[in-house]
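Chains as they are written, first to last, in the working numbering: chain A, 4 to 322; chain B, 14 to 763; chain C, 553 to 858.
Yeah, the Cβ is synthetic: ideal placement off N, Cα and C, and Gly gets one too.
Just so it is clear, the structure is predicted and the values come from calculations on it, not from any experiment.
What follows is a short report on a single structure.
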Amino acid sequence: MNARPEVSVSEEARHDGRGTGAEARSYYGRPVLKEPVWSREIPWYFFSGGLAGASASLAAAARLAGNVELARRARLVVLAGAAVSPVLLISDLGKPERFYNMLRVIKPTSPMSVGTWILSAFGTSVGIAAASKVLGVFPRLGRLSGTAAALLGPALSTYTAVLIADTSIPVWHEARREMPFIFAASSAASAGAAAAILTPVEAARPARRLAVGGALAEIAGVEVMKRRLGKLLAEPYEKGEAGRYDRLATAATGLGAAVMGMFGRRHRSAVVAGGALVLAGAALERWSIFKAGFQSARDPRYTVIPQRERRESRARADG
Amino acid sequence: YDVDTWQYAGMEVSGSAGKREQGGVTGEQAHYAQGGQLEHGEPTEMDESLEHPRCVFQLLKKHYRRYTPEAVERICGCPKEKFLEVAETLCENSGRERTSAFCYAVSWTQHTVGVQNIRAATIVQLLLGNIGRPGGGIMALRGHASIQGSTDIPTLYNILPGYIPMPHAHAHAHQDLDEFIEKNAAKTGYWGNMRAYMVSLLKAYFGDAATEENDYCFDHLPRLTGDHSIYPAIMGMMDGWCKGFFVMGENPAVGAANGKLQRLALANLDWLVVRDFSEIETASFWYDSPEIETGELKTGEIGTEVFFMPAAAHTEKDGSFTNTQRLLQWHHKAVEPKGDCRSELWFMYHLGRKVREKLANSTDPKDRAVLDLAWDYPTLGTHEEPDAETVLREIGGWDENGDALESYLPLKDDGTTTCGCWIYAGCFADEVNQTARRKPGSEQSWVAPEWAWAWPMNRRIIYNRASADPEGRPWSERKKYIWWDEEQEKWTGEDVPDISPTKRPDYEPPDDATAEDAIRGDSPFVMQADGRGWIFVPAGLTDGPLPTHYEPHESPFENALYGQQSNPARQQFPRGDNPYNPSDGQSGTRVFPYILSTYRLTEHHTAGGMTRTVAHLSELQPEMFCEVSPELAQERGLENGGWATIVTTRSAIEARVLVTDRLAPLRVQGRTVHQVGMPYHWGSKGLVTGDSANDLLGLVLDPNVHIGEYKVATCDIRPGRRPRGPALARLVDDYRARANAHAENGGARA
Amino acid sequence: MSETNVIPGSGSPDAFDIQGRETLETRPVIPLGQKGYEDGQPRMGFFTDTTVCIGCKACEVACKEWNDVPALPFELTGDSYDNTGALGADSWRHVAFIEQRKPVKVVQDAGLTTPASGDTDFRWLMSSDVCKHCTDAPCLDVCPTGSLFRTEFGTVVVQEDICNGCGYCVPSCPFGVLDQRQDDGRVWKCTLCYDRLKGGMEPACAQACPTDSIQFGPLEELREKANYRLEMVHEAGVTDARLYGADEEEYGMGAFFLLLDEPEVYGLPPDPEVVTRKLKSLWGPAAVAAGAMAVGVVAAFAGEGR
Ligand SMILES: Nc1nc2c(c(=O)[nH]1)N[C@H]1C(S)=C(S)[C@@H](COP(=O)(O)OP(=O)(O)OC[C@H]3O[C@@H](n4cnc5c(=O)[nH]c(N)nc54)[C@H](O)[C@@H]3O)O[C@H]1N2
Ligand SMILES: Nc1nc2c(c(=O)[nH]1)N[C@H]1C(S)=C(S)[C@@H](COP(=O)(O)OP(=O)(O)OC[C@H]3O[C@@H](n4cnc5c(=O)[nH]c(N)nc54)[C@H](O)[C@@H]3O)O[C@H]1N2
Ligand code: SF4
Ligand code: SF4
Ligand code: SF4
Ligand code: SF4
Ligand code: SF4
Ligand SMILES: [Mo]
């Protein structure tokens, strides 16, 4: 490996002009990667899918625990989430046919392909379960479908983390080990929060627990992720829009969990306020992660510096 | 300026090309050259010892004594080491085993010393033995397709096809053919046969009407009365005596210096015909131009009747291109032209036909020239396109039996041969379009003589006798090209020898020999009267026998070598509508402290008519810009990507700024000078538009070939966009006033 | 009509096949998992030798003309002579221009064209970038529709009649090659002139390149050539020359480069990775997290009586 030559004067000048640090060389400060082309539907889908998935598990657990009140409310959330999610995806794609295009193949290497099948199976299960409940027909099939949805729920809540981690976006890919936990925690928190809001206080204790536990796990998860990413790659989560969302998310999630944890047992209003905050926190956290990906793609430093370090440490290891 | 004093002692020669008859705007006495007087093929006075103080070698030494590497650095700003690196590389790669070529284009020519720049290369290449040998030469990298062709079969006013001079009206009112030949032909060398070339040309022009009795219609040829080149003609439009203008494949409103003058001139015509692919600026000036914007022109007040005629592209017509190494390559029509698009050949032929029809019954003697023309080309297809191959065949010539000529050697001066351009004779040999040959390189020798056709006589390297030593042996095995074969008693090798095939290397001409026979067997330069390469040029140039350093017309520096600042023979137009910036030594020089140069981009072509109209090229260079060094950017507060206004006494234009180390400031004569570089491709039409660099330049020309000094002027540059409307004129006026270069004195040197 | 002669990249009925016949896009989806290599057909690719690139952009223009790629908006970037900026949906070739105050050793025998000029030592690097047609292409891996497929030439091509514009391939590419076209939402990139290859022609960009900076051929041969050329350039004293993407072990590229500076200077990632092949670290944590979530949900009911 050659020693790194001096940055040329004009290049440096251009870098400074574009606010890119001088420690990475680049082509006029232009990104190496393309920013994702996904629109705002996608983080909302991450949220709604996660919410629906976790809610399905919650509903099933509630049913098993005999908490019919809670199970019923949670199922409503599942239904809403399952209905909204594909709409969001199709809206991002532009036309419904484009969604079906994905059902022509199954590709284990593509989390989106896998996810599409998970979402479809989940949606179908939820649909059958709901139809059976409402129409009162095929109760066995209905229950079976409900169970299927419950089992698919955790997958639906976490595959989206794999989806974004399975890209070249540094702050997503390098966080591939932590991201599913954040998504899972955040999904659980939001499912708990949503169910807690809808369910009478007495029946909602597990939901509240789930919300508070999920919220704390979410905050912890994000913290762990940033630490593991290191100073440079944590930057995109802390700067700009992503940073703003992240700070709001932490505040909302933390405050929501506190309110719900401390006053939720007694005051419905505290549950509603706390729950709303937890939900908002979960959505904001998805937005933060989403935006951080764009921000890191936009600035070549986040691509170049870690790769350069990786290269150099490998070269050192090779002697 | 007395050109007679340049002649060799003991003999008078005329140039083989260029100015044979002096005379132009500067109004010198015509210079009639006689054929050389050679004794046994040698000039009468020669000094083999090179010691005579006035022999060429001693003159050369004396003249260039001061042109040292240090002087190069001081005057040009090119570091001495870099210069020496180039010089040494050149010398190391010249000799028996190696040759070097000079390839130049407009970086050398677009100066008031343009021709002398090329002359300098001639001297170097002759001294290094790089002429007439494979890998050697001086190559003009021609710009437009067939620029070479348009000099061979000229669109120029002062020569006829094959570099035969145009007859002049001065001196003798009634110069006849014999007198013309006597004054212009050399006795010795290939120009000794000029009469045969001229008569055959007249036969091509006038066919049966050209007879010995009427001097082959020599009187029908127009006579020069002065400099009729394009720029004086433009002045003529301004001044109202030039009333009509055909523009075919040119865009002077953008491509010619002093754009404003060009457009004002167009606006002063009675009629204008523009033939092009799209409505270029030259056709749209009357409603869309900077002058309309400033209010200097008003559409309603312009009297010019503009005819725009759509042209067929080279893919839509048959024809030939002649490139820099004199290679004629035929192109075939691939598709029919669309709509009303037609070729130039179609246009000229049918225009001529209609004019002749209208004049058919005229008895006016001045119409005879038109009526006597041999104007009978067969036409093809529904468009009645003249058959281009019949035109080529006429150029290639035929003999008394009507059979296509093999070469120019059989040309006769008795009216039995016809040939549209003597140097092209043979391009239709064996009744085959030789220029359309496309034999793959893998199927023939490395010289590829069967790819297309080169003039003269399909010779690929001209003066190739020089590729063998005086005894006729190759200089080296590596560089062998043609040589004397003693057994066969003839010249042989890879190419068509540029010497009569059986002329022995030791041939000495008898004293009464003429034309080629008067050239010795060891003299390769057969076009010259003495068979020699001319290091010193005794005739043919208007500005001097040896290249000499002059500063450009507008320069921030004084001439470090001579008291004479700029080329004294340069052609100026000192008039109010063509003002000049002050040059060094004049007051106000510091108002325009920077050097301005213009050049091309890969992505656009010249005035842009063919590229700014194409999206896939426009996107690659979408905007007019100027280039400055970081130092100049700092000095003037210019920002990369921002706007700048560039000002001269002619006008002010705006351009985006590129700050780049490529335009390094130069250290010249102990001072730092900054340069502003600009492409000149933009105008107001097309997909991408912008101000034209040529609006900044003034018209000042090389005296020999009238090429403009497009590569140097002085300017000022300031941040921001230019003023709009009348405010633009005020800005320029302000600069003029400050520079004391007011329109009244034309900015000419005091 | 035979399916093999259909031009990809033209779903409209006014497309023409190689014989010039009108055609509709009819190429089938290549079934999953099938590599599509025909017997004896070597993997084809590009070796781009940037030391001889003159920045003429003929490659960009030829690509656009042949593939009918729309023009970009007319905007001056201010970045040297590069007004293309980057690879994208409407730029499948991109010539980078890099100005450096740095001497280039111009040694004749190496045939280097980079100028050394003036007293300020200066060099102007040019390099024509393109899709790398990766050996393990992340874009292909993540594509949920099978639109991206590997051809019999070992190249990676988008089938625009199948692409649904999901955009997943866009951030997955380590080189930022793919992008969406605004008007139709689908993604576009270099096809390595799949249609021309089928017709036995070299890609348009390679054919147009006047200096042979772009060399097209069987990848194996190109790698050999490249190694030879690198040696030559090194011997000529240009020690900062290096190959990029020629080493299958590091990151397999079907289009690789001889560069005169570090990759990032040209806008290339210094150490790209096949992100999609880290299945364990991608799906493993997700499985654990999903399980953890399920456990968490159940745990929320701890102590709740039936
Ligand atoms: N893409 C493209 N190709 C073209 C054309 C085009 O417009 N576009 N035009 C064609 C035509 S018509 C022509 S004539 C040729 C011209 O081809 P070139 O001669 O290459 O044209 P330019 O770019 O105008 O000028 C060449 C260089 O001259 C330098 N120069 C300026 N002043 C001086 C000087 O005093 N001395 C020296 N040595 N150099 C100087 C400039 O910096 C510039 O880089 O190109 C032809 N080819
Ligand atoms: N400042 C500055 N000015 C310059 C120069 C410079 O370096 N600097 N260079 C000078 C040089 S070298 C040149 S050659 C000139 C060029 O200047 P011009 O010749 O005035 O400009 P072009 O744009 O080349 O014009 C040629 C036109 O011919 C059209 N055309 C092409 N083929 C055909 C055809 O077959 N038939 C017809 N009828 N039209 C056709 C094209 O569309 C185009 O509009 O510019 C000169 N001006
Ligand atoms: S370079 Fe990018 S677009 Fe090209 S094959 Fe590789 S991953 Fe796909
Ligand atoms: S945008 Fe098209 S090519 Fe890219 S992953 Fe989606 S379907 Fe495949
Ligand atoms: S191979 Fe074809 S599609 Fe790819 S860049 Fe070259 S010309 Fe364009
Ligand atoms: S065509 Fe060749 S020389 Fe020209 S820019 Fe492209 S790669 Fe460089
Ligand atoms: S336009 Fe380009 S390809 Fe054509 S002759 Fe000129 S340099 Fe060669
Ligand atoms: Mo030109």
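* For B:P174, count neighbouring Cβ atoms within 10 angstroms of its own Cβ and tell me buried if that reaches 16, exposed if not. => buried
* When the cut-off is 8 Å and only beta carbons count, does C:Q711 lie next to chain A? -> no
* For B:D15, I'd like the list of residues in its chain whose CB is within less than 8 Å of its CB, leaving aside the five on either flank, ordered along the chain. => none
* Pull out every residue of the segment 717-728 of chain C whose Cβ sits closer than 8 Å to any Cβ of chain A, in chain order. => G717, C718, G719, Y720, V722, P723, S724, C725, P726, F727, G728
* To do: In the DSSP assignment, find the alpha helix (DSSP H) that holds A:R247 and state where it starts and stops.
  => 243-266
* Nearest chain A C-beta to C:A838 closer than 8 Å, yes or no? -> yes
* Determine the DSSP secondary structure at B:Y612, reduced to helix, strand or coil. => strand
* B:T555 versus B:A582: straight-line alpha-carbon distance, rounded -> 7 Å
* Closer than 7 Å: is that where the CB of C:R645 sits relative to any heavy atom of ligand 5? -> yes
* **Unbroken stretches of the beta strand (DSSP E), 3 residues or longer, contained in the segment 641-667 of chain B** => 656-660
* To do: Look at B:G485 and B:W466 and say whether their C-beta atoms are less than 8 Å apart.
  => no
* Asked: Is A:I172 close to chain C, meaning its C-beta is less than 8 Å from at least one C-beta of that chain?
  -> yes
* **beta strand (DSSP E) segment containing B:P692, residue limits** => 688-692
* Limits of the unbroken beta strand (DSSP E) element including A:A2 -> Any answer about residue 2 of chain A is impossible in this case: the structure gives chain A only from 4 up to 322.
* Members of the segment 605-630 of chain B that neighbour chain C once the beta carbon cut-off is set at 8 Å -> L614, T615, E616, A628, H629, L630
* To do: Closer than 9 Å by beta-carbon distance: list the chain A residues that pair up with C:G819, in chain order.
  => S29, Y30, Y31, R33, P34, V35, P303
* Could you tell me which chain A residues have their CB closer than 8 Å to the CB of C:V850, listed as they occur along the chain? => A64
* A:P3 to C:V790 span [Cα, whole Å] -> Nothing can be reported for residue 3 of chain A, as the shown portion of chain A is limited to 4 through 322.
* **B:Y748 versus B:T727: straight-line alpha-carbon distance, rounded** => 13 Å
* A:V87 Cβ short of 7 Å to ligand 3 heavy atom set -> no
* Note down the Cα distance separating B:A417 from B:P469, rounded to an integer number of angstroms. => 15 Å
* **Distance, B:P736 Cα to B:I608 Cα** => 22 Å
* Asked: Using Cβ-Cβ distances below 8 Å, what residues of the segment 626-655 of chain B are close to chain C?
  -> A628, H629, L630, S631, E632, L633, Q634, P635, E636, F638, N653, G654
* Asked: If you drop the 5 nearest sequence neighbours on each side, which residues of the same chain put their C-beta closer than 7 Å to that of A:M265?
  -> none
* Contact belief for B:P565 with B:T125 at Cβ below 8 Å, rounded distance in angstroms -> 6 Å
* **Reference A:A218, options A:M228, A:L236, A:A192, closest by Cα** => A:A192
* 7 Å Cβ cut-off: residues of chain A touching C:W835 -> V165
* To do: Assign B:A740 to buried or exposed, taking buried as 16 or more other Cβ atoms, counted over all protein chains shown, within 10 Å of its Cβ.
  => exposed
* **Heavy atom of ligand 6 within 7 Å of C:I606 beta-carbon** => yes
* Just how far apart, CA to CA, sit C:A841 and A:P183? -> 6 Å
* To do: Name the residue from C:M678, C:A838, C:A623, C:A798 whose alpha carbon lies nearest to the alpha carbon of C:V548.
  => Nothing can be reported for residue 548 of chain C: it is not among the residues displayed for chain C, which extend from 553 to 858.
* To do: Check the Cβ-Cβ distances between C:E612 and every residue of chain A, and say whether any is below 8 Å.
  => no
* Is it buried or exposed for A:V140, if we count other Cβ within 10 angstroms and need 16 for buried? -> exposed
* Which of the residues in the segment 127-159 of chain A, read from start to end, lie with their CB under 7 Å from any CB of chain C? -> P157, A158
* **Contacts that A:Q310 makes with chain C (C-beta to C-beta distance below 7 Å)** => P821, P822, D823
* Asked: Just to confirm, does B:L710 get its C-beta within under 7 Å of one of the non-hydrogen atoms of ligand 2?
  -> yes
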